[in-house]
Amino acid sequence: MIAADRAKDTSGQENRPLLQGIAVHKDYGGVHAVRGVDFRIAPNSYVTLLGPSGCGKTSLLRMIGGFEALSSGVLELDGQSLAGVPASKRPVNTVFQNYALFPHLSVQENVGFGLAYRRLSKGDMASRVEGALSQVQMTPMAKRRPRQLSGGQQQRVALARAIVNEPRLLLLDEPLSALDRRMRKDMQIELKDLQRRLGMTFLHVTHDQEEAFALSDEIIVMNNGRIEQQASPAEIYRRPASAYVADFIGGANLAPGTILGAVGEAAVIDTPLGRFECPAVAGLRDGDKAVLCIRPELLRLQAGEDGFEVVVTHTVFRGAEWLVEAKASGDITISLIVDDPEPPAVGSAVRLGFDPTRAWIVAASAGG
Numbered sequence: 001m002i003a004a005d006r007a008k009d010t011s012g013q014e015n016r017p018l019l020q021g022i023a024v025h026k027d028y029g030g031v032h033a034v035r036g037v038d039f040r041i042a043p044n045s046y047v048t049l050l051g052p053s054g055c056g057k058t059s060l061l062r063m064i065g066g067f068e069a070l071s072s073g074v075l076e077l078d079g080q081s082l083a084g085v086p087a088s089k090r091p092v093n094t095v096f097q098n099y100a101l102f103p104h105l106s107v108q109e110n111v112g113f114g115l116a117y118r119r120l121s122k123g124d125m126a127s128r129v130e131g132a133l134s135q136v137q138m139t140p141m142a143k144r145r146p147r148q149l150s151g152g153q154q155q156r157v158a159l160a161r162a163i164v165n166e167p168r169l170l171l172l173d174e175p176l177s178a179l180d181r182r183m184r185k186d187m188q189i190e191l192k193d194l195q196r197r198l199g200m201t202f203l204h205v206t207h208d209q210e211e212a213f214a215l216s217d218e219i220i221v222m223n224n225g226r227i228e229q230q231a232s233p234a235e236i237y238r239r240p241a242s243a244y245v246a247d248f249i250g251g252a253n254l255a256p257g258t259i260l261g262a263v264g265e266a267a268v269i270d271t272p273l274g275r276f277e278c279p280a281v282a283g284l285r286d287g288d289k290a291v292l293c294i295r296p297e298l299l300r301l302q303a304g305e306d307g308f309e310v311v312v313t314h315t316v317f318r319g320a321e322w323l324v325e326a327k328a329s330g331d332i333t334i335s336l337i338v339d340d341p342e343p344p345a346v347g348s349a350v351r352l353g354f355d356p357t358r359a360w361i362v363a364a365s366a367g368g
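Here the UniProt record's numbering is used: the first residue of the sequence shown is 1, the next is one more, and so on.
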């Protein structure tokens, strides 16, 4: 039986992270895939490494799994260094993108394969395989071969094979990428439900923002080998740490400007759209270059002379709403959501407004 109370910290050190990275770096012959990142992952959490292709997320996952050596830095699991510990000796299992099932073995045999090296009795092995298959709702398929299963069913078998060993940490390398959109949504629900039932820590790699938001207690956003931000999905969406995060997560409208004054948690920024006082990241000073971030759903069509003017360039029907793209002063591209039956006409000039208390100001990137 796979225990659901795994999350209980019998050491009494509730605040200690399950996994910690300190200055973790990976260099492939002069190519810096991971650039000295720090992170902490709590026990019994679902954490997603999110970023575009080539950002370093898979390299980081492979170092944690023991498939790649660190170029420098430290990885600790339960407070113990993983240096020199081979993948087979780590309490870590991986679910790969292609599932990696043995085609000549049955579902039951695939799931039990790793237990053959654990010196368990046949009774214990059978019980654990049965428990793992039950957790992923695959007991009726136990005698089938992988070729007789759908993509979603193969994914469940791969999960069962990973959790049957009761690892402290489960790594998932883009596990849903081969599934169609409907199946991906169904599996997202099942994955999160499974993680909660098992009380196990999941670390999931994806480039899909919607997937990360649906699954995660925390998201680690990566860019060019660095961690841009680690926080809850709500914090990342509402309070991005950088213009990159604001743009990558949800496609915020970005207006460059200059800080005219900063007091406490707010700042005044002068932009081509106008002058606004909004919540801001800490540390901004008068004269700093900064960026105003406005989510598309915050913008609204404005009557009269209020707000700022844009010219509509594109409209896209999305069923319940329209996505409208426009150009503003300073050649700034603006996106907004319109739920009216008909959107503004392409080529028309309209005025837009927003609640400044719900926008966000970040520092401009280096060189920007």
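Glycine is no exception: its CB is placed at the ideal position from the N, C-alpha and C atoms. Predicted, not measured: the structure shown is a model, and the values here were computed from it.
Residue 276 (DSSP reduced to helix, strand or coil): strand
Would you tell me roughly how many angstroms separate the C-alpha atoms of residue 302 and residue 229, rounded to the nearest one? 34 Å
Inter-residue CB distance, residue 93 and residue 33 (contact presumed, cutoff 8 Å): Incorrect: roughly 23 Å between the Cβ atoms, too far for contact.
For the 8 Å Cβ check, are there 3 or more pairs between the stretch 229 to 239 and the stretch 342 to 355? no
From 123, 152, 171, 150, residue whose alpha carbon lies closest to that of residue 67: 171
Compare the Cα-Cα distances from residue 357 to each of 293, 214, 119 and report the closest residue. 293
Looking only at its own chain, which residues have a Cβ that is under 7 Å from the Cβ of residue 132, when we skip the five neighbours before and after it? 2, 111, 160, 163, 164
Is it a yes or a no for the stretch 103 to 117 touching the stretch 79 to 86, going by three-plus beta-carbon pairs under 8 Å? no
Express the C-alpha separation of residue 216 and residue 57 in angstroms, rounding to a whole number. 16 Å
Counting pairs of Cβ atoms below 8 Å between the stretch 316 to 323 and the stretch 280 to 292, do you hit three or more? no
Please classify residue 306: does DSSP put it in a helix, a strand, or coil? coil
Buried versus exposed call for residue 91 [16 or more other C-beta atoms within 10 Å across all chains shown]: exposed
Three-state class that DSSP yields for residue 102 in the structure shown: coil
Please list the terminal residues of the continuous beta strand (DSSP E) segment that includes residue 369. Nothing can be reported for residue 369, as the shown portion of the chain is limited to 1 through 368.
Exposed or buried, residue 202, counting other C-beta atoms within 10 Å across all chains shown (16 or more means buried)? buried
Quick test of your reading: residue 241 and residue 48, contact by CB under 8 Å. State the CB separation rounded to the nearest angstrom. Not quite, the Cβ-Cβ distance comes to about 16 Å (not below 8 Å), so this is no contact.
Outcome for residue 333 when other beta-carbon atoms lying within 10 angstroms are tallied against a minimum of 16: exposed
Kindly give me the distance between the Cβ atoms of residue 169 and residue 352, rounded to whole angstroms, as I take these residues to be in contact under 8 Å. Not a contact, Cβ separation roughly 46 Å.
Let me see if you follow: with CB-CB separation under 8 Å, is residue 261 close to chain C or not? Looking at the structure shown, chain C is missing, and only one protein chain is on hand.
Is the Cβ-Cβ distance between residue 74 and residue 23 less than 8 Å? yes
Below 8 Å on the Cβ atoms is my contact criterion, and I expect residue 270 with residue 257 to pass it. Report the Cβ-Cβ distance as a whole number of Å. 5 Å
Can you list, in chain order, the residues of its chain whose CB lies under 6 Å from that of residue 36, leaving out five sequence neighbours each side? 23, 25
State the Cα-Cα distance for the pair residue 188 and residue 143, rounded to the nearest angstrom. 26 Å
Figure out for me which residue from 190, 118, 183, 140 has the closest Cα to the Cα of residue 166. 118
DSSP three-state assignment for residue 354, whether helix, strand or coil: coil
Going by alpha carbons, who is nearest to residue 221 out of 244, 186, 297? 244
Residue from 28, 40, 190 with nearest C-alpha to residue 16: 40
Secondary structure of residue 145, DSSP reduced to three states: coil
So for residue 138, helix, strand or coil by DSSP? coil
Residue 19 - DSSP class collapsed to helix/strand/coil: strand
Considering only DSSP beta bridges, list what residue 222 is partnered with. 227
Whole-Å CB distance - residue 101 paired with residue 154, under 8 Å assumed: 6 Å
Given a cut-off of 8 Å on the beta-carbon distance, is the pair residue 146 and residue 157 in contact? yes
Report the residue ranges of all alpha helix (DSSP H) runs contained in full by the stretch 145 to 181; include only those spanning at least 4 residues, in chain order. 151 to 163
Can you look up residue 120 in the DSSP assignment and give me helix, strand or coil? coil
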